[in-house]
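The next block holds one structure in the form of structure tokens; read it before the comments.
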Amino acid sequence: MRLVLSLRGVRVLRPLDAEELTRAWRTMRRAAARSAGFWLRLALAPVVIVAGYRVGWALGQAAVGLAVGTVMAALYYRSLVVATALANPSTLAAIEADVRRARSPGRPRAPTAAEHRLRPRGRVVAALGWVVTALLALALTDIALNPGFAREYQRHLTESRPAARLDWHRLPALQDETSVRAALAPLEFRCWPLDDDSGLGDRRCDADISAFNGIPAMFASAYFRTGRLVRLAIAVPWWRHGTMHDTLTSDLGATQFAEWLPRHGTRLAGWALPDGSRLLVNRERHPNPLIWSQIFWERQGR
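Here the sequence shown is numbered in my numbering, starting from 44 and rising by one per residue.
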């Protein structure tokens, strides 16, 4: 299968005028839709979109990557229709028959001027339909690739959870798991060991929450190394990113430092607390709505 940038580039379609080309395209789509192989190969289209998005995200240009991936998926669809349809001799015969009928003396009347004016509108509607379909395919593919994130959002939206409150400047006073549980009661933490190669610690404890210091949140994660608290992370829903920034700025003032270049697709900003520890946040919400924002406190000299 070769890439088809334009139907005019297909040798057997070059002699056709615009109306005949439209008829031929409809015939090819009908023929391709009857092929099981076409539908199996079409399933790769969302993968093309996701691939473009992920490459763009890695380069800090997720929107550009999404646009490029969508265009490539559309070209892939067109090329697949042409390759599938023209591989069948009966389809070529059907196209020739359509052309003969279109050129016969008894062909239907030519479209009126008003109908010609309506055609671009139909193309716009069709293009919008493809865009919506591509976005839905991207969303479903994203959920399929990240089921854990989708499940966490589902639980956040359907479960009743307690809120937590603790002055940001009191975080450095939390030394171990016992003090964390006491300071954040009545949260219920569930804990498990970590591979210390992760760089986060050797033990993690999570608690489901509805808010932290007035910021809507999903869960809090405490990280320990040799029994000492070294990090605390708060997961904030994607759509609450702005609320997170506004609340923290109100509590702590303007951020004291910020990254200009993204690392792993995101830029951080934050504050230095009096004891030397840092409170970090994502500068921008992630381009993928499934990826939540985070507030991340980390102890220095850990």
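We put the CB at the ideal spot given by N, CA and C, even for glycine.
If one requires a minimum length of 4 residues, the alpha helix (DSSP H) runs lying completely within the region 280-327 are 284-295, in chain order. Contact annotation: V324 and L272 have beta-carbon atoms that are not nearer than 8 Å.
In this structure the region 230-238 does not lie against the region 280-289, because fewer than three pairs of beta carbons, one per stretch, are closer than 8 Å. Taking the Cβ atoms as the reference, V174 lies roughly 20 Å from V47, outside the contact range of under 8 Å.
Taking the Cα positions, L304 is about 6 Å away from R310. Counting along the chain, no beta strand (DSSP E) covers A228, and no H or E run does either. Sequence-distant partners of H199 (beyond 5 residues in either direction) whose C-beta falls short of 6 Å from its own C-beta, in its chain, are M261.
By the C-beta density criterion, S133 is exposed, having fewer than 16 other C-beta atoms within 10 angstroms. Between the alpha carbons of G191 and A276 lies a gap of roughly 18 Å.
Rounded to whole angstroms, the gap between the alpha carbons of A86 and A79 is 11 Å. Looking at the backbone, the Cα of Q299 and that of A312 are separated by about 8 Å. With distances taken between CA atoms, H212 lies nearest to S320 out of S320, A67, V53, R268. Linking A67 to R45 through their CA atoms gives a straight-line distance of about 19 Å. Taking C-alpha positions only, G108 is separated from G95 by approximately 5 Å. Out of A136, A130, A88, V93, the CA that lies nearest to the CA of A117 is found in A88.
Distance from the CA of Q218 to the CA of I92, rounded to the nearest whole angstrom, comes to 46 Å.
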